[in-house]
Amino acid sequence: MKRLTIIGVVLMLAVVMAACGGSSGGGSGLTVSDAWVRAPAIADQPGAAYLVIQNNGAADKLLSVTSDVAQTIELHESMMSGNMMSMSPVPNIEVPANGKAELKPGGFHMMLMGLTRPLKVGDKVQLTLNFEKAGKIPVTADVRDQ
Amino acid sequence: MKQRWIALMLIGLLLAACSHTFAGVAPNPIGPAPDFALTDETGQPFKLSELRGKWVLLAYGYTHCPDVCPLTLSHLRDVKKAIDPNGDQVQVAFVTIDPERDTADIMRQYVGHFDQQFTQKFKGLTGTPPEIAQAAQAYNVKYEKKESTSAAGYSMGHTAEVYLIDPQFNWRMTFPFGVKAEEIAADLQYLMQHPETK
Chain A
-6 MKRLTIIGVV LMLAVVMAAC GGSSGGGSGL TVSDAWVRAP AIADQPGAAY
44 LVIQNNGAAD KLLSVTSDVA QTIELHESMM SGNMMSMSPV PNIEVPANGK
94 AELKPGGFHM MLMGLTRPLK VGDKVQLTLN FEKAGKIPVT ADVRDQ
Chain B
894 MKQRWIALML IGLLLAACSH TFAGVAPNPI GPAPDFALTD ETGQPFKLSE
944 LRGKWVLLAY GYTHCPDVCP LTLSHLRDVK KAIDPNGDQV QVAFVTIDPE
994 RDTADIMRQY VGHFDQQFTQ KFKGLTGTPP EIAQAAQAYN VKYEKKESTS
1044 AAGYSMGHTA EVYLIDPQFN WRMTFPFGVK AEEIAADLQY LMQHPETK
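Protein sequence lines correspond, in order, to chains A and B. Numbering-wise, this note's numbering puts 31 at position 38 of the first sequence, and it's gapless, one number per residue. Numbering-wise, this note's numbering puts 954 at position 61 of the second sequence, and it's gapless, one number per residue.
Here it is, written out as structure tokens:
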């Protein structure tokens, strides 16, 4: 009976995860969801991208990101120190074991530079995330205006 | 028993409707908003006090900022959209703290993006470095240039608050970074309906 309950819970989790549209990496415990890109206000200035990386396995690191829409993508962090907000590039973003890394406005984010085409709200953008252990995980991000 | 709960809930709802908890912080005491003279997005001289008669949401930032500044401006757009979508009562003013890169033309393109659904309800203000320093100091805005290894060049550290000025040109409220558009809209709407609030 107990085993049946566990199987049931696992099945439900699988259904929920599939419904969330998350991308999972091969054999890793990483699930990427809620990926979105903010189109820049001025076409030739950088855009920003955000997502959530859920980790049900060992600690990993997001090392780099590539996309056909940007010549360069840097990982950045906005930080409040004192009451001043500032932004600097970071070499990687840690995804703790059995935890999550959130890339969100005012925190970690990707900076998309040298956009190869104008981004419009509703567009889909393909990003390839490159992790230290999990390797490459492809993700589709929506272009939003928020 | 059940009726008592319903009565209590109704009282609670009524109380919630009467009082308003502000997300912003009011200066103590409330006094005249500091004025400053800059150049607007059309290249013309512009004094903030020209917006007297309107509710003004004032923010500082820079256009090369892809993360925090567009978030603030999209919040202010959403506030305008929620409260005064077709009206002339609420105006946004965005002051650059990066005059080196943000010319009047760049400011026009930048605020134009957030102003799309309105007609000239977003002012984009720039100036000479001393003028910007003065406009920043007026609202206790701090900023500093930060050299960076990023391909996007240097970045600017800056305080990221939003200031609310009333139609009598009094500085009414300061919203810290992280306050949501709905919260700013709720405070503004309350003040518009209860202008006597201190």
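Ideal Cβ placement from N, Cα and C applies to all residues, glycine included. None of the values given here were measured: they were computed from a predicted structure.
Selection A:116, A:138, A:115 and A:65 evaluated against residue 1010 (chain B) yields A:138 as nearest (Cα-Cα). Among the residues facing chain B, residue 67 (chain A) is included, as its CB has a counterpart in that chain under 8 Å away.
With respect to the 8 Å criterion, residue 107 (chain A) and residue 38 (chain A) are not classified as neighbours on the basis of their beta carbons. If you draw a 10 Å sphere on the C-beta of residue 71 (chain A), you find 16 or more other C-beta atoms in it, and that means buried. Secondary-structure assignment with DSSP links residue 48 (chain A) through a beta bridge to A:23.
At a C-beta separation below 8 Å, residue 1048 (chain B) has these neighbours in chain A: 79, 80 and 81. Judged by DSSP secondary structure, residue 1001 (chain B) falls within the alpha helix (DSSP H) whose first and last residues are 997 to 1008. The Cβ of residue 1044 (chain B) sits closer than 8 Å to at least one Cβ of chain A. Taking C-beta atoms as the reference points, residue 1070 (chain B) and residue 1054 (chain B) count as a pair closer than 8 Å. Within the stretch 100 to 117 of chain A, the residues whose Cβ lies closer than 7 Å to some Cβ of chain B are 102, 104 and 106, listed in chain order. Among the residues facing chain A, residue 1002 (chain B) is included, as its CB has a counterpart in that chain under 8 Å away.
For residue 1030 (chain B), the enclosing alpha helix (DSSP H) starts and ends at 1022 to 1031.
Spatial neighbours of residue 975 (chain B) in its own chain (CB-CB distance under 7 Å, excluding positions within 5 residues in sequence) are listed in chain order as 1078. The alpha carbon of residue 1047 (chain B) has as its nearest neighbour, out of B:1015, B:958, B:966 and B:932, the alpha carbon of B:958. For residue 65 (chain A), the uninterrupted beta strand (DSSP E) run begins and ends at 63 to 74, by DSSP. Distances from the alpha-carbon of residue 82 (chain A) to those of A:76, A:67 and A:22 put A:67 closest. CA-to-CA, the gap between residue 49 (chain A) and residue 1007 (chain B) works out to about 39 Å. Using a CB distance cut-off of 8 Å, residue 1060 (chain B) does not count as an interface residue toward chain A. For a Cβ distance threshold of 7 Å, residue set 959 of chain B lies close to residue 40 (chain A), ordered along the chain.
The beta-carbon of residue 98 (chain A) is placed less than 8 Å from the nearest beta-carbon of chain B. Rounded to whole angstroms, residue 1051 (chain B) and residue 1058 (chain B) show a C-alpha spacing of 20 Å. If the five residues before and after residue 1040 (chain B) are omitted, its C-beta is found closer than 7 Å to the C-beta atoms of 1047, all from its own chain and listed in chain order.
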